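Number 244 in the working numbering belongs to position 213 of the sequence shown; there are no gaps in the numbering. Note that beta-carbon positions come from the ideal geometry of N, C-alpha and C, so glycine has one too. Since the structure is predicted, the reported quantities are computational estimates derived from the model, not experimental observations. Taking it in order: structure first as structure tokens, then the write-up.
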Amino acid sequence: MYENISLEDACQILLQQTKPLDSELISPLQGTGRILAADIIAPHDLPSYRQAAMDGFALAETTGDRFLIKKHLAAGEVPSFTLKGGEAAGVVTGGHIPQSTAVVVRDEDVCVEDGYLSIKRINPKVNNIREQGEDFLAGTVIARTGTKITPGLISILTAYGFREISAVRVPRVAILSLGKEIIPCDQGIKPGQVRDSNGPLLASLVTTHGGSPIAVVAPGSSAVKELDAQLKKADLVVTIGGTAAGSNDQAKDLLEQIGAQPLFLGYQVKPGSHSCAGIRDGKLVVMLSGNPVACFVGYHLLVYPVLHALQGLKPKLLHIPAVATSGFPKKGGPRRFLLGYTLFGPEGWRVAVLSGQKSSMRRSLADCNCLIDLAAGHPPMKPGEQVFIILIQNII
């Protein structure tokens, strides 16, 4: 068990204890945001036949003045004939074209009269044909294991008629808000009570990053019982509160009461330096600060990498250089993460420090899309200097 360790060491300890979850078969229609557990291989060419790229007329050749219109093919109709020189067939976008078709001429580029057509204009560089397999050839890897399923991928899967695909099981994440003063966010409040806002905050983040949250308010008297119960159901447990300065012994005691092995107590990061972690039966318990900003920062630095790894993905907290457009007056102390708002422009990434950086304040949470990483012993941050940021939106 370690105390007051670096962020990198804390993450390494957590990830060493994290194993990817098993897989399950799901319908592609339920796949949005899920992670593939097996490669998707094209079972046949797509498209599986030559198609007209637009409404018009199929021709075997374009030499000649007049072409006999042999037939108008309806949508879904498969032609049973082959075009010869001097013949044409009406076709529709995405429809079959006759064998020996060399080009499809657009409706607006022909003149039709008495069952014949003549060409008004034609672009010799474009044949307006979708070739068989031009999207995917049979045997092509459409998507590899570890790919996040997007609406575009669902379109491909359903075009092929896949009924089931293998996906990593959704991680179940229990979120426990500890403290006798904490009440559910939808209840009326009395003097001395505090509505739970950190639980909904983390539940939303967990959902965004591919997990299934279970948010619970656990008063001090029931913390041990609730934590024990959730560890039996969840893949990961996150607690909020009870990690303030001087209370690490309480966090350690709580872990020991549920039979969990403490992994580390505190890490060298501000805000939330007294965050802790333990493990029981292969399941991690990450204990975050009850201050909103510290809870938010701790989630992204400690919980998100674990949630990512549970889904079989490589954890990534990419540091990107950015130019500061505003400053931060405080200097020195431990490594600090500020809430920032970043944009990418012609000159690269630029980042502003959001107002309200106290760990107890919530105003900056709504607009935050990055964390600004200031090294231990840092001087005051000034506008125009280069800093490093971690993007926290669209992070998976």
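Any chance the stretch 33-48 sits against the stretch 152-169, with 3 or more Cβ pairs inside 8 Å?
no
- Own chain residues within Cβ distance below 6 Å of PRO411, not counting five before or after: PRO360, LYS362
Checklist entry - Is DSSP giving TYR191 helix, strand or coil here? => result helix
Between the CA atoms of PHE88 and VAL134 - distance to the nearest angstrom | 8 Å
* Asked: How far does the beta strand (DSSP E) with ASP140 in it reach, from first residue to last?
  -> It is not in any beta strand (DSSP E) - ASP140 carries neither H nor E in the DSSP assignment.
Notebook entry, point to check: Which residue comes first and which comes last in the alpha helix (DSSP H) that contains LEU114?
Noted result: It is not in any alpha helix (DSSP H) - LEU114 carries neither H nor E in the DSSP assignment.
Whole-angstrom Cβ separation of LEU188 and GLU257, contact assumed at under 8 Å?
Their Cβ separation, rounded to whole angstroms, is 40 Å, which puts LEU188 and GLU257 out of contact at 8 Å.
Expected contact under 8 Å - CB spacing of PRO129 and PRO155 to nearest Å: 21 Å between Cβ atoms; not a contact.
Practice item. Would you list the one or two residues that DSSP bridges to GLY87? Key: VAL122, ARG137
Point to revise | Continuous alpha helix (DSSP H) stretch holding VAL237: start and end | key: 229-239
| query | In angstroms, rounded to a whole number, what distance separates the CA positions of LEU52 and GLY371? | reply | 33 Å
- Message: Between GLY303 and LEU315, how many whole angstroms is the CB-CB distance? I'm expecting something under 8 Å.
- Response: Contact flag wrong, Cβ pair sits at about 17 Å.
_Within a Cβ cutoff of 6 Å, which residues of the same chain sit near ILE426, ignoring the five residues on either side of it in sequence?_
The predicted model places ILE426 with a pLDDT of 44, which falls under 50 and marks its position as unreliable; any figure quoted below should be read in that light. Excluding sequence neighbours, ILE426 sits near nothing in its chain.
- Message: Using a Cβ-Cβ cutoff of less than 7 Å, which residues in the same chain neighbour GLN424 once the five nearest sequence positions on both sides are dropped?
- Response: ASN400
Of the choices GLU378, PHE419, PRO377, whose alpha-carbon is the least far from that of VAL384? PHE419
Requested in this report: Please state whether DSSP places GLY329 in a helix, a strand or coil.
Outcome: helix
* To do: Work out the CA separation of GLU162 and ILE100 for me, nearest whole Å.
  => 23 Å
**OP:** May I have the straight-line CA-CA distance separating SER390 from PRO323, to the nearest angstrom?
**Re:** 6 Å
Exercise. If you run the structure through DSSP and keep just helix, strand and coil, what is CYS42?
Worked result: helix
**OP:** In the DSSP assignment, find the unbroken alpha helix (DSSP H) run with GLN261 in it and report its ends.
**Re:** 254-264
In this structure, how does DSSP classify TYR335 when only helix, strand and coil are distinguished? helix
**OP:** Within the same chain, show all residues whose beta-carbon is closer than 6 Å to that of GLY210, passing over the 5 residues directly before and after it, in chain order.
**Re:** GLY272
task: Counting only the same chain and skipping the five closest in sequence on each side, list residues whose C-beta sits under 8 Å from that of ASN158.
output: ALA133, VAL134, VAL135
(message) Tell me the rounded alpha-carbon separation between GLN288 and SER228.
(response) 27 Å
Would you check if the distance between the CB atom of VAL300 and the CB atom of ARG366 is smaller than 8 Å? yes
Below 7 Å CB to CB, which residues in the same chain sit around PRO59 once its five sequence neighbours on both sides are set aside? ILE185, LEU188, THR189, PHE193, ILE196
Self-check item: Straight-line gap, SER54 to VAL382 (C-alpha atoms, nearest Å)
Solution: 39 Å
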